[in-house]
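Read the structure below first, then the notes.
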Amino acid sequence: MYWYGEIGNLSIEPAVCEAQVRNTKTIPSVLCNWQDLKAAGLIKTREEYIQAVRAVTFSLAEKGIAVDLDKKDAALLQMVKTLDEMDNVINLLTERVIDWHAATTPGTSHKYTRSNGPRIVQKIAKSGSPSLKRVAREILSLSAVRTDLMKEVSREAVLVIPNMSALVGGLVAARLIARAGGLEATARLPGSSIQVIGAESALFSHIRTGSSSPKHGIIFQHRRVHNAGKEVRGKVARQLAAKLAIASRLDLYRGELDAEFVETANAKIDKIFGGES
Amino acid sequence: MIDIKGTLVSEGQGGVYNERMLGNYRVWDPYRSKLAALWYLDKTTTLDKDAVVLYLGAANGTTVSHVADYVESVYAVEFAPRPMEDLLVVSKKRKNIIPIYADATRPVLYASLLEPADLLYQDVAQPNQAGIAVKHLPFLKSGGRLILMLKTRSVDIRKSSDEVFADTCAELTAGGYVVEKTTWLNPYHQDHAAIVCRKP
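Following this line, the structure appears as structure tokens:
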């Protein structure tokens, strides 16, 4: 089958051709020949042939892109990436403003600059030189936006990836799929990969030089991993990652919360967290 | 290939990606494009005026636009939605590009669109780069050329570049290509090799 149909039944009607491209199941042993269409009188020149095939591929591409970008996780991915970018910006600016403040205020102790960043920024926003004050206020308002965005990411994640969110919370779940490159990409990963998403540098140094392997990547941000005792933390991470792999597939192919699965998975993870194996 | 005092250019309407112009000619930067880098290292690299090119891994269409300036028609395959949108914009101005939104690891999905190609140009950051080239052997004319831009880092991070390179050449030979010439793209691109093959 060619995009323009079989000999004897040729067409350059885009809708017909698109269906024919979609229905192709095998690679033809002889490829398209633009002379076929010329012989049938549907086109006169090679330019017209290219024009006709372009009409088909443009239409297929535009439809394909629209479908792929409309996937429900696309917006969530951008939100998480924006959130993490904002964290970066806020931290950098906070550091800078504290240094600036220390330089203009004699007697600022080192201990002071090392303590709680946001609180110092709040202080600077009230005192400090006029321009310094303005920058500090910008940081505070950016932080407020960040907090709102974080809540929205969690809310959105519960809708888009309900099972993963039920296991590790919306924010961590969203970060996981953002790092993996989307829900579909995550669902294709084995649990062992999900376990170390976000610990790539440690993983590759392990593969290259044989240093000890990372036990957890982004999932460390989940409380049951970072609060676990040192002896069981790796076990919790492993079990959690395995359940996340299943949850991601539920989310992709079913798209709704499976309460029974979540309950048994959480019970199992809690058991390991509590020290029973 | 057209060069102006040693600078590789192509003839066509400018403003595709803010490239530099020399008169009516568009400067083709070897640091951005692997094909341009290959020309600087091996001046026998040519693009024929009447050639049909199958281009896998078209990305944003910057190199594609230069190739299209030289040849008859380019079938440009790209898989990622964002770069594809850019490629469509480029293709709207250059009427000899046929943009195909598909995965190069599954040629059956676009096989019905393709004509026999004189040149298969492949620049995909995938683990099985040799496998993809072999899958596309049926789309090459007998005597047609394959230029494979091998990104050794994408194949296997655990192996050295030289090992990956040797494995790839062996797989291409086993798949029915005759490896003619290989060029490492230093200093323009790190860990990239150009493998030129011919279909017997």
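In order, the protein sequence lines correspond to chains A and B. When the letters of the first sequence are read in order and numbered with the working numbering, they come out as residues -13 to 263. When the letters of the second sequence are read in order and numbered with the working numbering, they come out as residues 13 to 212. Glycine is no exception: its CB is placed at the ideal position from the N, C-alpha and C atoms.
Which residue comes first and which comes last in the beta strand (DSSP E) that contains residue i?
i	result
residue 159(B)	152 to 163
Identify, in the order they occur along the chain, each residue of the same chain with its Cβ nearer than 7 Å to the Cβ of residue i, setting aside the five sequence neighbours on each side.
i	result
residue 16(B)	34, 37
residue 259(A)	210, 214, 218, 222
residue 212(A)	206
Taking the alpha carbon of residue i as the point to measure from, which residue in the options has its own alpha carbon closest?
i	options	result
residue 152(A)	53(A), 250(A), 44(A)	250(A)
residue 182(A)	231(A), 41(A), 134(A), 214(A)	231(A)
residue 108(A)	128(A), 90(A), 89(A)	128(A)
residue 126(B)	170(B), 109(B), 47(B)	109(B)
residue 132(B)	31(B), 164(B), 70(B), 100(B)	70(B)
residue 38(A)	2(A), 179(A), 58(A)	2(A)
residue 90(A)	118(A), 236(A), 7(A), 164(A)	118(A)
residue 27(A)	242(A), -2(A), 210(A)	-2(A)
residue 0(A)	36(A), 17(A), 21(A)	36(A)
residue 111(B)	203(B), 151(B), 81(B), 66(B)	66(B)
residue 227(A)	-13(A), 140(A), 159(A)	159(A)
residue 124(B)	212(A), 6(A), 254(A), 229(A)	6(A)
residue 157(B)	169(B), 60(B), 99(B)	60(B)
residue 47(A)	48(B), 96(B), 175(B), 140(B)	96(B)
residue 68(A)	51(A), 131(A), 124(A)	131(A)
residue 57(B)	68(B), 13(B), 92(B)	13(B)
residue 168(B)	161(B), 176(B), 162(B)	176(B)
residue 241(A)	85(A), 57(A), -13(A)	57(A)
residue 134(A)	83(A), 72(A), 82(A)	72(A)
residue 140(B)	150(B), 120(B), 162(B), 155(B)	162(B)
residue 80(B)	53(B), 30(B), 103(B)	103(B)
residue 19(A)	245(A), 50(A), -13(A), 188(A)	-13(A)
Can you list, in chain order, the residues of its chain with a C-beta nearer than 8 Å to that of residue i? Leave out the 5 residues immediately preceding and following it.
i	result
residue 161(A)	66, 70, 184, 204, 207
residue 30(A)	24
residue 21(B)	14, 15, 34, 37, 38, 39, 40
Which partner residues of residue i appear in the DSSP bridge assignment?
i	result
residue 125(B)	For residue 125(B), which the question treats as bridged, DSSP gives no partner whatsoever.
residue 33(B)	38(B)
residue 113(B)	90(B)
residue 194(B)	207(B)
residue 238(A)	Paired residues: none, contrary to the question.
residue -9(A)	-4(A)
residue 19(B)	16(B)
residue 134(B)	68(B), 160(B)
residue 85(B)	64(B)
Quick check on the burial criterion: 16 or more other C-beta atoms within 10 angstroms. Buried or exposed for residue i?
i	result
residue 185(B)	exposed
residue 72(B)	buried
residue 202(A)	buried
residue 105(B)	exposed
residue 12(A)	exposed
residue 278(A)	Here chain A has residues from -13 to 263 only, and residue 278(A) is not among them.
residue 55(A)	exposed
residue 118(B)	exposed
residue 85(B)	buried
residue 59(A)	buried
residue 156(A)	buried
residue 195(A)	exposed
residue 42(B)	buried
residue -6(A)	exposed
residue 120(A)	exposed
residue 239(A)	exposed
residue 178(B)	exposed
residue 144(B)	buried
residue 61(A)	exposed
residue 142(A)	buried
residue 137(B)	exposed
residue 216(A)	exposed
Return the first residue and the last residue of the alpha helix (DSSP H) that residue i is part of.
i	result
residue 172(A)	169 to 173
residue 183(A)	Note, residue 183(A): premise wrong, no alpha helix (DSSP H); not H, not E.
residue 258(A)	245 to 259
residue 35(A)	32 to 55
residue 18(A)	Taken as a continuous stretch (DSSP letters only), residue 18(A) belongs to no alpha helix (DSSP H), as it is neither H nor E.
residue 200(B)	From DSSP, residue 200(B) is part of no alpha helix (DSSP H); its letter is neither H nor E.
residue 177(B)	173 to 186
residue 166(A)	156 to 166
residue 11(A)	That residue, residue 11(A), is in no alpha helix (DSSP H); it is neither H nor E in DSSP.
residue 103(A)	103 to 112
residue 142(A)	116 to 146
residue 202(A)	From DSSP, residue 202(A) is part of no alpha helix (DSSP H); its letter is neither H nor E.
Can you give me the Cβ contacts of residue i inside the same chain, cut-off strictly under 6 Å, excluding the 5 residues immediately before and after it?
i	result
residue 146(B)	187
residue 142(B)	180, 183, 184
residue 154(A)	208
residue 128(B)	153
residue 45(B)	75
residue 199(A)	192
residue 106(A)	84
Could you work out which residues of chain E lie near residue i, taking near to mean beta carbons separated by less than 8 Å?
i	result
residue 116(B)	The structure shown contains no chain E; its protein chains are A and B.
Is the beta carbon of residue i within less than 7 Å of some heavy atom of the ligand ADP?
i	result
residue 237(A)	Looking at this structure, you won't find the ligand ADP or any other ligand, since it has none at all.
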